[in-house]
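Colleague: Residue numbering for the sequence shown follows the working numbering, beginning at 52 and increasing consecutively.
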Amino acid sequence: MLNLHYKIIFVLLFVSQLILAEDDNLSKKPVISGHITDKSNGEELIGATIFIKELNKGAISNLYGFYSLSLEPGNYTIAFSYLGYKTQEKTIVLKNNITINIELEIKGETLEEVLIVGKRKNENITKTEMSSVKMQMQTIKKIPAFVGEIDVIKAIQLLPGVQSTSEGSSGFSVRGGSPDQNLIILDEATVYNASHTLGFFSVFNNDAIKDVKLYKGDIPASYGGRLSSLLDVRMKNGNSKKTAGTGGIGSISSRFTIEGPIEKNKTSYIVSGRRTYMDIFLPFAKDKDLRDIKLYFYDLNLKINKRINENNRLFLSGYFGRDVFKSKFFGMGFGNQTITLRWNHLFSKQLFSNLTLIRSKYNYNFDSPTGEANPLVWQSSLCDYCIKMDYTYYLNPDNTVKFGFISTFHTFKPGSTKNNNSFFSLVLPDNYALQHGIYVTNNQNINRHITLKYGLRFSAFQNIGKGTIYNFDNEYNAIDSTVYKKGDIFNTYSGFEPRIGFNFMLNEHSSIKGSYSRTIQYIHLAQNSTSGTPLDLWFPSSPNVKPQYADQVAIGYFRNFRQNTIETSVEVYYKKINDIIDFKEHAAILGNRKLEGELRFGTAKSYGAEFLIKIPQGKLNGWISYTYSHTERDIPEINNGKVYLAPYDKPHDIAIVLNYQLSNRVSLSANWIYATGAPVTFPTGGMEIFDVYAPVFSDRNSYRMPDYHRLDFSLTLNSKVKPNKAWEGEWVLSIYNVYARKNAWAINFVTDKENPNHRYAEMTYLFSIVPAITYNFRF
52 MLNLHYKIIF VLLFVSQLIL AEDDNLSKKP VISGHITDKS NGEELIGATI FIKELNKGAI
112 SNLYGFYSLS LEPGNYTIAF SYLGYKTQEK TIVLKNNITI NIELEIKGET LEEVLIVGKR
172 KNENITKTEM SSVKMQMQTI KKIPAFVGEI DVIKAIQLLP GVQSTSEGSS GFSVRGGSPD
232 QNLIILDEAT VYNASHTLGF FSVFNNDAIK DVKLYKGDIP ASYGGRLSSL LDVRMKNGNS
292 KKTAGTGGIG SISSRFTIEG PIEKNKTSYI VSGRRTYMDI FLPFAKDKDL RDIKLYFYDL
352 NLKINKRINE NNRLFLSGYF GRDVFKSKFF GMGFGNQTIT LRWNHLFSKQ LFSNLTLIRS
412 KYNYNFDSPT GEANPLVWQS SLCDYCIKMD YTYYLNPDNT VKFGFISTFH TFKPGSTKNN
472 NSFFSLVLPD NYALQHGIYV TNNQNINRHI TLKYGLRFSA FQNIGKGTIY NFDNEYNAID
532 STVYKKGDIF NTYSGFEPRI GFNFMLNEHS SIKGSYSRTI QYIHLAQNST SGTPLDLWFP
592 SSPNVKPQYA DQVAIGYFRN FRQNTIETSV EVYYKKINDI IDFKEHAAIL GNRKLEGELR
652 FGTAKSYGAE FLIKIPQGKL NGWISYTYSH TERDIPEINN GKVYLAPYDK PHDIAIVLNY
712 QLSNRVSLSA NWIYATGAPV TFPTGGMEIF DVYAPVFSDR NSYRMPDYHR LDFSLTLNSK
772 VKPNKAWEGE WVLSIYNVYA RKNAWAINFV TDKENPNHRY AEMTYLFSIV PAITYNFRF
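(1) Rounded to whole angstroms, what's the CA-CA distance from G324 to I303? Just pull it up for me.
(2) Report the partner residues of M329 according to the DSSP bridge assignment.
(3) What would DSSP say about G692, mapped onto helix, strand or coil?
(4) Measure how close the beta-carbons of L768 and W778 come, nearest whole angstrom, since I'm counting them as under 8 Å.
(5) Return the CA-CA distance between V168 and Y790, expressed in angstroms with no decimal places.
(6) Looking at S785 and A196, is the spacing between their C-beta atoms short of 8 Å?
(7) What residue from P271, D269, S319, T451 has the CA that sits closest to N290's CA?
(8) Check each candidate in T88, K137, N148, N175 and name the one with the smallest Cα separation from H560.
(9) For I520 and Y535, what's the separation of their Cα atoms in angstroms?
(10) Need the endpoints of the alpha helix (DSSP H) that M188 sits in, please.
(11) Around the Cβ of I497, are there at least 16 other Cβ atoms within 10 angstroms (buried) or fewer (exposed)?
(12) According to DSSP, is V198 helix, strand or coil?
(13) What do you get for E622, buried or exposed, if any count of 16 or more other CB atoms within 10 angstroms of its CB means buried?
(14) Please tell me whether P757 and F748 are closer than 8 Å, where the distance is taken between their beta carbons.
(15) In angstroms with no decimal places, state the Cα-to-Cα distance between G811 and F800.
(16) Starting from K205, trace the alpha helix (DSSP H) in both directions and tell me its first and last residue.
(17) Using the C-alpha atoms, what's the distance from T150 back to Y274?
(18) Measure the alpha-carbon distance for G93 versus D449 and round it to whole angstroms.
(19) Counting along the chain, where does the beta strand (DSSP E) carrying N175 start and finish?
(20) Mind reading off the beta-carbon distance from V254 to V242? Whole number of angstroms is fine, and I expect it under 8 Å.
(21) Can you tell me which of the three DSSP states L427 falls into?
(22) Exposed or buried, what is E164 when buried is set at 16 or more other beta-carbons lying within 10 Å of its beta-carbon?
(23) Rounded to whole angstroms, what is the Cα-Cα separation between P667 and F381?
(24) Measure the alpha-carbon distance for N257 versus I207 and round it to whole angstroms.
(25) What residues are listed by DSSP as bridge partners for M383?
(26) Within a Cβ cutoff of 7 Å, which residues of the same chain sit near Q401, ignoring the five residues on either side of it in sequence?
(27) Measuring CA to CA, which of D704, I143, F547, I689 is closest to I724?
(28) Check each candidate in V478, D238, D269 and name the one with the smallest Cα separation from R21.
(29) Counting Cβ pairs closer than 8 Å, one from the region 604 to 618 and one from the region 638 to 651, do we hit at least three?
(30) Note down the Cα distance separating W674 from S620, rounded to an integer number of angstroms.
(31) Use the C-beta contact count for Q578: other C-beta atoms within 10 angstroms, 16 or more gives buried, fewer gives exposed.
(32) Below 8 Å on the Cβ atoms is my guess for Y349 versus G372; work out the distance and round it to an integer in Å.
(33) Between the C-alpha atoms of G659 and S753, what's the straight-line distance to the nearest angstrom?
(34) Suppose you measure from the CA of L709 to the CA of M188; what does that come to, to the nearest Å?
(35) Pop quiz: A601 and L210 are said to be a contact at Cβ under 8 Å. What is the actual Cβ separation, rounded to whole angstroms?
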């Protein structure tokens, strides 16, 4: 087998050959390039369309609003468009390189607001991408929200192939995968725990977010490290034209955002904050035990961007959030911190680059009451330092090559306990690792019917010292350990991750798409439940834990009706995972030095079909999705070697999301959700041994929770439209779980007090009907 260095050289050579393969005369062709922004605030528009009418070809702007087209000299008419904005046309005589920066103006017709994606009318047919969805903030804002708190992740849980892991949770499963198989990034920084308040809310403040895109399988080769999905969240850059503000006052939280220019059209900022205030009212509670409880979360988004000149731009962004809970019994806190510094540079009109430096940290603490003589404090954290370099080379309208690399240093601090008594302490050994990736992709138009997207990623993972590795026998008993010195690289995993996709245009209204991808995951999450808790533990691959890798294939048929006003699609997929990780029965996770001995390994497979009908605009808009899926695992040491259902196997999932614009001031929204109950293991009997009752359990996940369904509703009343009005407001009334369905959150088996030999099932549910009212404003 080739060693790691030879593999990296091979990929670099592949990149070089792709770039140099184009005729030298290509570089002599004149180039049209520039940035596309929102005229009102200067925000770059991601995915705007640039269309050359004479050639019937075009391009789209990248994540920073940049585009580039190399063309033969001549006369051209270029249309610049973005759904929800007025199209601009430019007629040019192309002889030399031209820079055309475009500011698009928002359309005035509010009744034609876009529901899901900003794109040209049939881009869902023409684009090569499949298994991906881009959501606008206005869409997310309209979906009925739990206690009025708008939530990005709750919105994506309504998409086909995406399911909530439990009632009220911000954890999600994509095509049967576990939550740790989803890569969640905010301005390129990994967010390891995207939840607040035990998962009832996500860390994403809607007022600070510009763009959200979910890849459910066809993950770009520029990203790796997860098996199921990529959730790419981008913050706003800040208004470069004028100072503006938005905010909201809700039932349990308030938020405020201010943005504006530091130097008009060159440097801008945005500051966005949010906090709950349940703790403010607890001192007035009738129950005295509740008066001393502290319960709240906050988050803060910050960003500054600087346009140095036409070829150089800087972006500095950060997120800081934390949850706090304290009572007389125990205390807990957890939170995320991310800092991202990016430098956009144009080497030429055709070569765009982005250098990114990232720091991402997640930590939590758990402690006993401070009033005790020897209070215990448990602390754990995970911190990444990352450098990433991405290039986009615009060869011509038919070929766009992307390549780059990423290198990350991981620091895992699994946990430590200490108290005032120096005789008692527990410190789990820290783990350190390096993770690398290098990639190249090309998006190629073969002809008017066929478009290909192909690429290759090579990734590697290295465990480095200082570290302690336990050695286990065939029965997973620790027999000894090996200690490695600081800086020693004592274990390496690596592999190629090919990606390929195609789009075959049947006509202007329909197409067939397909994709194949291999993905590798090197870090994993230890969980005691499907709902997820802040105490879940991330751990790396090691000599005892192989990385998981998945092969996924998908094919879909896409068809639009009535002049692209109705979009439909059906996708089928099959995913095979090797070296899948699960835990033995009654595994000990928290505080376990020998956690790897609790793990068991095997294979898993998922398959399914996703159906979508979508009306993207108009007075009545929305979508209906239905997913059929199946996910199972085969691990020899679990369930007596028999195949069992994965925890996130839910065969049937339906979501209906509808918005109706009653007038310019009033809109109604509703969504209805149905899902098969999640697999669960129940006791089927019991026995008494020396007067101690011992339950006898069923096969793993052989029962199901009750089916889940819920109806939500919201009404939005906007303020009267007046010319040159500086302040605009709206009232939002939302009702979560309109018909008060008692959806099971947990089922426990308890002893009957009147008959100790009898036990019965007791259901716990979280919410009945939950009304909320929110006032939103902007100026």
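Backbone N, C-alpha and C fix where the C-beta goes; we use that ideal spot for every residue, glycine too.
Modeller: Let's see:
(1) 14 Å
(2) The partner list for M329 (beta bridge, DSSP) is empty, contrary to what the question assumes.
(3) helix
(4) With 8 Å as the limit, L768 and W778 do not qualify as a contact, their Cβ atoms being about 15 Å apart.
(5) Low local confidence applies: a pLDDT of 40 at V168 is under 50, so the model's placement there is unreliable, with the coordinate-based value given in what follows. Straight-line Cα distance between these residues: approximately 31 Å.
(6) yes
(7) S319
(8) N175
(9) 8 Å
(10) 188 to 193
(11) Around the beta carbon of I497, a 10 Å sphere encloses fewer than 16 other beta carbons of the protein chains shown; the residue is thus reported as exposed.
(12) helix
(13) buried
(14) no
(15) Checking the sequence, you will find Tyr at residue 811 rather than Gly. Between Y811 and F800, the C-alpha separation is close to 5 Å.
(16) 203 to 207
(17) 30 Å
(18) 29 Å
(19) Note, N175: premise wrong, no beta strand (DSSP E); alpha helix (DSSP H) at 174 to 177.
(20) Confirmed, about 6 Å.
(21) L427: coil per DSSP, three-state reduction.
(22) Summary for E164: the model assigns pLDDT 39, below 50, so the residue's position carries little reliability; its value from the coordinates is reported in the next sentence. So E164 ends up on the buried side.
(23) 48 Å
(24) Their backbone Cα atoms lie some 13 Å apart in a straight line.
(25) F376, F417
(26) V82, S119, S121, Y444, Y445
(27) When each option's Cα is compared against that of I724, the closest is D704.
(28) An answer regarding residue 21 cannot be provided, because it is not within the stretch 52 to 830 covered by the chain.
(29) no
(30) 11 Å
(31) buried
(32) Correct: roughly 7 Å between the Cβ atoms.
(33) Distance between G659 and S753, taken at the CA atoms: about 20 Å.
(34) 16 Å
(35) A601 to L210, Cβ: 20 Å. No contact.
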